[in-house]
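Here the working numbering is used: the first residue of the sequence shown is 2, the next is one more, and so on. Right, one structure below, let's go through it.
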Amino acid sequence: MQKQLVVTVIGADKPGIVESLADVISHQQGNWLASSMSELAGQFAGILHVSVPDEHYRSLCEALAMLPGLTVSFAEGQLSQEPERQVMVSVTGNDRAGIVHEVASILRQLNVNVADLTTGCEPAPHSGAPLFYAHALVALPPRLELGDLISALESLSDDLVVDIDQAFID
Numbered sequence: 002m003q004k005q006l007v008v009t010v011i012g013a014d015k016p017g018i019v020e021s022l023a024d025v026i027s028h029q030q031g032n033w034l035a036s037s038m039s040e041l042a043g044q045f046a047g048i049l050h051v052s053v054p055d056e057h058y059r060s061l062c063e064a065l066a067m068l069p070g071l072t073v074s075f076a077e078g079q080l081s082q083e084p085e086r087q088v089m090v091s092v093t094g095n096d097r098a099g100i101v102h103e104v105a106s107i108l109r110q111l112n113v114n115v116a117d118l119t120t121g122c123e124p125a126p127h128s129g130a131p132l133f134y135a136h137a138l139v140a141l142p143p144r145l146e147l148g149d150l151i152s153a154l155e156s157l158s159d160d161l162v163v164d165i166d167q168a169f170i171d
């Protein structure tokens, strides 16, 4: 049997962290299935989904925990089916404190589940003012219309632009 393992890793950013993780996972018969990794404020931050044979589960966790300079934590996962209705939502607007909370609150109110989220700020092309962006892969509940989702998000601010990539809907 295979166990599903979710691993989170954080530590001072430096070259070779990904290779170290991959080396340990490979040597413990693990299969690196998915990951998201970033350098944030000088720190390496990563989350990985690994499949590993039952008999190697404990040794993999122990070996990863021994990697120098990294704080590693684990959660046992499970394979899950992809939702029937997924869309990619992009939100762009002038940056302000609380914008992520406002967007997340609307999604929760509409019972929309976030499968993947990337956020950031970058200078606006002409003014240089901070421009917030969020790209989220979301699972829609059966009765939610896309227009309702867009309207709810756009109601947060006059300057908020919402784009939906419908290519993900089956």
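Each residue gets a CB set at the ideal place from its N, CA and C atoms; glycine is no exception.
Short Cβ contact (8 Å threshold) for residue i with residue j
i, j, result
"V8", "L65", "yes"
"V115", "D166", "no"
"N32", "S52", "yes"
"S106", "H136", "no"
"M38", "V25", "no"
Expected contact under 8 Å - CB spacing of residue i and residue j to nearest Å
i, j, result
"L145", "L111", "6 Å"
"L6", "G78", "6 Å"
Burial state of residue i (16 or more Cβ within 10 Å)
i, result
"L80", "exposed"
"C122", "exposed"
"K4", "buried"
"L141", "buried"
"G47", "buried"
"L34", "exposed"
"V101", "exposed"
Nearest candidate by alpha-carbon position, reference residue i, set the options
i, options, result
"E103", "D14, L154 and E40", "L154"
"V139", "S21, S128 and D117", "D117"
"C62", "S36, H28, R86 and T93", "H28"
"T93", "G12, E20, H50 and V162", "V162"
"R109", "L150, M2, D160 and D164", "L150"
"D160", "G17, G148, S21 and A125", "A125"
"R86", "S21, I11, T120 and L147", "L147"
"P1", "P16, T119, V113 and G12", "Examination of residue 1 is not possible in this model, given that the chain is present from 2 through 171 alone."
Own chain partners of residue i with C-beta closer than 6 Å, once the 5 adjacent residues on each side are dropped
i, result
"S74", "T9"
"Q30", "P54 and H57"
"P84", "A140"
"S158", "G94"
"S21", "L68"
Contacts around residue i, its chain only, beta-carbon distance under 8 Å, and the 5 residues preceding and following it disregarded
i, result
"D14", "E40, G43, Q44 and F45"
"M2", "P54 and D55"
"S36", "G47, I48, L49 and H50"
7 Å Cβ shell around residue i - same chain, five flanking residues per side excluded
i, result
"D96", "C122, P131, L132 and F133"
"A23", "W33"
"D76", "The residue you asked about is not Asp; residue 76 is Ala in the sequence shown. For A76, where only same-chain residues beyond five positions count, the Cβ hits under 7 Å are V7."
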